[in-house]
Structure formats: C-alpha cells, structure tokens
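Everything on this sheet refers to the single structure shown next.
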Amino acid sequence: MKLVTFILGIFFIIDVSALGKIHNAVPIYTDKPFATIGNIDYLYNESPVGKYLESIYIYQNIVSGDNPATHLIVSEYSSYENYEKALEAVEFGKDPEAAFIWYATSNELPFKPLANNQDRILATNNPENWKNNTYFMAINLAVSDPAKYLKAWKKMSAETTKFFPDGSSWLSESYGGTSPFTHNVLISANSYADLMNGLDKVYKSKSFAEFQKETAGIRKVLARTSAKRIASFSR
C-alpha cells in the first residue's frame, strides 16, 4: 500500500517524542500540485481514512539547490500512540474500509516520493511556533562527531533563537532509511523575509563564528532547501 507508506510515514519518520508529537515528512516530485492538494483533501475530509489523520502540511520548495523534490508533505500526530493506531488501522487492515481506500487511492497518486529516511529530534527551540510558521529552511548535513556537534548546536541555537522571535528551530539525527544525511537542521519563520533576516543575523553573530570553529572538520553541509507552506489540514 504505497499511500500508507507516504503519509503514515514509513518514509522519513521524524520522531519528536521530546515534544510529545510525531512528524512524518515526505519529499516528493510533482507537476500537479493542485491535484496533490486535492488528493490529500479527499483523504482527510471525505474518506474513512480521515479520522486517523491529525494535521497535514504541504510545502512547495522555493530554493532547493540540487534537491529534485518540488514539494514536501508533513503529517503530524499528537502522540506516538495515535500514530501507531493510524498505522495499524490503515496499513495492517484493522479498519478494512479505510485500508481499502488507501489501497485504491495509491494507484492514482499525482506525486512521486523521492526519499526513504528516518529521523529523530535531538534538540529544539520554540517548537510551539512551528504550526503557525509558513516558511522554513532545511539544512542537510554529514556529521562525523554527533555528540560534539549536538553540544555546539544547542549552545549556538539557544543564543541566536532571539533572531527568530516568532520562529522555531530543531536538530534531527537520521537513524534509518537511505538518506546520505546524518543530521538535519530546520529553521522556520512566519515570512520569507523574517527567515532570511534571521539567518543573516545568525551568520554574522559571534555565537555562529564560535560554532563554526567548534564544529570545523566534523560537519559538512550537503544541501539546503527553503519551502513555503501552500496547504494545511487540521482538526
């Protein structure tokens, strides 16, 4: 059942247990964004699958470098228990009607998933702002000394979070799938101007200069992607 894999998060599981929530993020390629939104809208609001879905956000990549993904689908669950309940009902057939809809819809998807990654949150700042933030930048990394990088990032991000007063940030670690990235940093804001201005202040700060020195030789930036939320579904 491909669609289960996409939205329930066998692909790219971000375990935010530290926040009491689960995020599943799926990078996709599509030349039919409106059909993709319509597909999710049907599943969420009109099908028997909807009762197992909590919040879904759809993003369009606006600056993606070499990233072939055009969009990102993020599903949010309030707890791991609710995530498991959805998975069991739809993928493992505990709700036959919902499971059938998943299967039938998966044969007509207007998008193609591009990754199979599993991540867990290591640290975060102001996570309560995430739901309202429209823009974000994701920075994908290869880190050779995770403990040292985590310590340095927590210190730097705590000192620079003031540059994103209405935003949020987090650091996650890949622990499965096929991603070439070991870690990911995400910074979100209410506008693209706020995001860029905040990042400019971070990069010019003493805290970031110290962070660069502390992590020199143990980290390499592999990709950067900026995205805008174009649709959301929430109870």
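Numbering of the sequence shown is given in our numbering, commencing with residue 2 and proceeding in unit increments.
The C-beta atom is built at its ideal place from N, Cα and C for all residues, glycine as well.
Collapsed DSSP secondary structure at residue i in the structure displayed
i: LEU142; result: strand
i: ILE15; result: Bear in mind that a pLDDT of 48 at ILE15, under 50, signals an unreliable position, so the number given afterwards is only what the model happens to contain. It is a strand residue.
i: THR183; result: coil
i: PRO166; result: coil
i: ASN191; result: coil
i: ASP120; result: strand
i: GLU47; result: coil
i: PRO147; result: helix
i: SER107; result: helix
Beta-carbon proximity of residue i to residue j, cut-off 8 angstroms
i: SER206; j: THR161; result: yes
i: ILE57; j: PRO114; result: no
i: ASN141; j: SER189; result: no
i: ALA143; j: LEU223; result: yes
i: TYR45; j: LYS86; result: no
i: THR183; j: SER192; result: no
Exposed unless 16 or more other CB atoms sit within 10 angstroms - verdict on residue i
i: SER80; result: exposed
i: ALA148; result: exposed
i: PHE35; result: exposed
i: ALA217; result: exposed
Straight-line Cα distance separating residue j from residue i
i: ARG220; j: SER235; result: 37 angstroms
i: VAL64; j: VAL50; result: 33 angstroms
i: GLU89; j: TYR43; result: 21 angstroms
i: ALA100; j: THR31; result: 24 angstroms
i: GLY10; j: SER169; result: With a pLDDT of 46 at GLY10, under the threshold of 50, the modelled position of that residue is not reliable, and the figure given next carries that caveat. So the two alpha carbons sit approximately 22 angstroms from each other.
i: SER227; j: GLY39; result: 23 angstroms
i: ASP120; j: ASN185; result: 8 angstroms
i: PRO126; j: ALA194; result: It should be noted that the sequence gives Asn, not Pro, for residue 126. The straight-line gap from Cα to Cα measures roughly 20 angstroms.
i: TRP171; j: SER158; result: 9 angstroms
Residues near residue i in its chain [Cβ-Cβ closer than 6 angstroms; skip 5 each side]
i: ILE231; result: ILE59 and GLN61
i: VAL203; result: THR161, PHE164 and PHE209
i: ALA153; result: PHE212, GLU215 and THR216
Nonlocal neighbours in the same chain, by C-beta distance under 7 angstroms from residue i, ignoring five residues either side
i: MET2; result: Below a pLDDT of 50, predicted positions are generally treated as unreliable, and MET2, at 43, falls in that range; no measurement from the model is reported.
Proximal residues to residue i (C-beta, below 8 angstroms), its chain only, five neighbours per side dropped
i: LYS33; result: PRO111 and PHE112
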